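S.K.: Below you'll find the structure I mean.
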Amino acid sequence: MVERLRLSQANRKRIENIDSCFGTQGETLWTEGRVLVGEGVLMKACRKKPKPRQFFLFNDLLVYGSILISKKRYHKQRTIPLEQVQLTDIKDDGNIKHAWQIMTRGKSFTVYAATEMEKQEWMLHINRCVHEVIKNGKRPASDHAAVWIPDSEAAECMCCHASTFTVINRRHHCRSCGNVICGNCSTHKLLLPVNKHPVRVCDTCYNKRCNNGDVSIAVPAMSKNDYTHFETDESEEEEGEDKPADGNQVDFVVSS
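At position 4 of the sequence shown the residue is numbered 965 (our numbering), and the sequence of numbers has no breaks.
So, in structure tokens, the structure goes:
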């Protein structure tokens, strides 16, 4: 089925329409050999609360973006090579339903489908496409970024358990474990395998690495004057509100 779609005019028109929806906000997705396998709306766990994101699965990429006008205009495009992707199932628990984690080198996160059937369909097609790109010679990622714990799940620092978060005492995230931590418990940086530059980590992860002899990747503690510059990467994808999606209809071109 994928091989037939690769050469079809309909496939090209679908991808060019997605390019048009992103406009100048994203890279051009149409290229020879690329096939649109499926698309749909998933709720993506962000720092403050889950938000709707339009996802597109290609035979070599997973793409998502914020919704401005459903099926007409998207922005904040993110593209993920499928060889970097690893899925982790999340069992239903209380209010958490139809969820799974998408693990990648640059960013890992949790998504929620509208129904269990949609979840299984997404996971099936993504895993199938990942298997194909690796079988065709792409090298899978050996390391993945940590999934961040949402702000709403931490009223106090998950490191010291003594610091309560307020407007002044802000939340931060450890890039190594994903826990929500206070400023006093995250004054160090580490050079992690998934990052090009040293990043903020909690004292627990920092001490664990140092105790294991990984002193070459440790960075000296920051002073208070370092904090302002260090906060700039905390707000990715959080600016502004998204328009609500018109339903969560999922459309897979390739059958299960």
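Backbone N, C-alpha and C define an ideal beta-carbon position, used for all residues, glycine too. Quick caveat, the model's predicted, so the values are computed rather than measured.
Using only the alpha-carbon positions, how far apart do G1055 and S969 sit?
M.R.: If I take the Cα positions, the gap works out to 44 Å.
S.K.: Beta-carbon of N1145 versus every beta-carbon of chain C: anything under 8 Å?
M.R.: Included in the structure is just one protein chain, with no chain C present.
S.K.: Is the beta carbon of P1011 sitting closer than 8 Å to the one on Y1073?
M.R.: It is a contact, given that the beta carbons lie within the stated cut-off.
S.K.: By the 10 Å Cβ neighbour count, where 16 or more other Cβ atoms means buried, how is S1196 classified, buried or exposed?
M.R.: With a pLDDT of 44 at S1196, under the threshold of 50, the predicted position of this residue should be treated as unreliable, though the coordinate-derived value follows. Label assigned to S1196: exposed.
S.K.: Taking the C-alpha atoms as reference points, what is the distance between K1157 and A1106?
M.R.: Near 12 Å, if we compare the C-alpha coordinates of A1106 and K1157.
S.K.: With DSSP as the reference, please indicate the residues paired to Y1025 in a beta bridge.
M.R.: The partner list for Y1025 (beta bridge, DSSP) reads F1016 and R1039.
S.K.: Checking 8 Å against the spacing of the C-beta atoms, do Q1045 and A1102 come in under that value?
M.R.: Going by C-beta atoms, Q1045 is nearer than 8 Å to A1102.
S.K.: The beta strand (DSSP E) with D1053 in it runs from where to where?
M.R.: Looking at the DSSP string, D1053 is not in any beta strand (DSSP E), and its letter there is neither H nor E.
S.K.: Span of the alpha helix (DSSP H) holding H1092?
M.R.: Element bounds for H1092: E1077 to K1096.
S.K.: Is the separation between the beta-carbon of L1153 and that of R1136 shorter than 8 Å?
M.R.: In this structure, R1136 lies closer than 8 Å to L1153 by Cβ.
S.K.: Assuming V1229 and I1110 make a contact with CB atoms under 8 Å, what is their CB distance in whole Å?
M.R.: Nothing about residue 1229 can be reported from this structure: the residues present for the chain run from 962 to 1217 only.
S.K.: What number of angstroms, rounded off, separates the C-alpha of D1112 from the C-alpha of Q1047?
M.R.: Going from the Cα of D1112 to the Cα of Q1047 covers about 24 Å.
S.K.: Using C-beta distances below 6 Å, list every residue in its chain close to K1058, excluding the 5 sequence neighbours before and after it, in chain order.
M.R.: So the list is empty, once near-sequence residues are dropped.
S.K.: In the structure shown, what three-state DSSP assignment does D1212 receive?
M.R.: Three-state result, D1212: strand.
S.K.: Which whole-angstrom value describes the C-beta separation of E988 and Q1038, a residue pair presumed to lie in contact below a C-beta threshold of 8 Å?
M.R.: 7 Å between Cβ atoms; contact.
S.K.: To the nearest angstrom, report how far apart M1183 and R1089 are at their CA atoms.
M.R.: Because the pLDDT of M1183 is 49, which lies under 50, any placement of that residue in the model is unreliable, and the question is left without a value.
S.K.: Contact check, R1104 vs R1066 under 8 Å by CB: the rounded distance?
M.R.: At residue 1104 the sequence reads Asp, which differs from the Arg that was named. Right, their Cβ atoms sit about 6 Å apart.
S.K.: Compute the Euclidean distance between the alpha carbons of M1078 and T1148, then round it to the nearest angstrom.
M.R.: For M1078 and T1148, the distance between alpha carbons rounds to 44 Å.
S.K.: Which residue or residues does DSSP assign as beta-bridge partners of H1134?
M.R.: The partner list for H1134 (beta bridge, DSSP) reads V1141.
S.K.: I'd like to know whether the C-beta atoms of C1146 and C1166 end up nearer to each other than 8 Å.
M.R.: In this structure, C1166 does not lie closer than 8 Å to C1146 by Cβ.
S.K.: Assign H1086 to one of two classes, buried (16 or more other C-beta atoms within 10 Å of its C-beta) or exposed (fewer than that).
M.R.: With 16 or more other Cβ atoms within 10 Å, it is buried.
S.K.: Hey, could you find the ends of the beta strand (DSSP E) Q1062 is sitting in?
M.R.: A1060 to M1064 is the span of the beta strand (DSSP E), which, as asked, contains Q1062.
S.K.: Enumerate in chain order the residues of its own chain whose CB-to-CB distance from N1172 is below 8 Å, with the five nearest sequence positions on each side excluded.
M.R.: Nothing listed; no residue qualifies.
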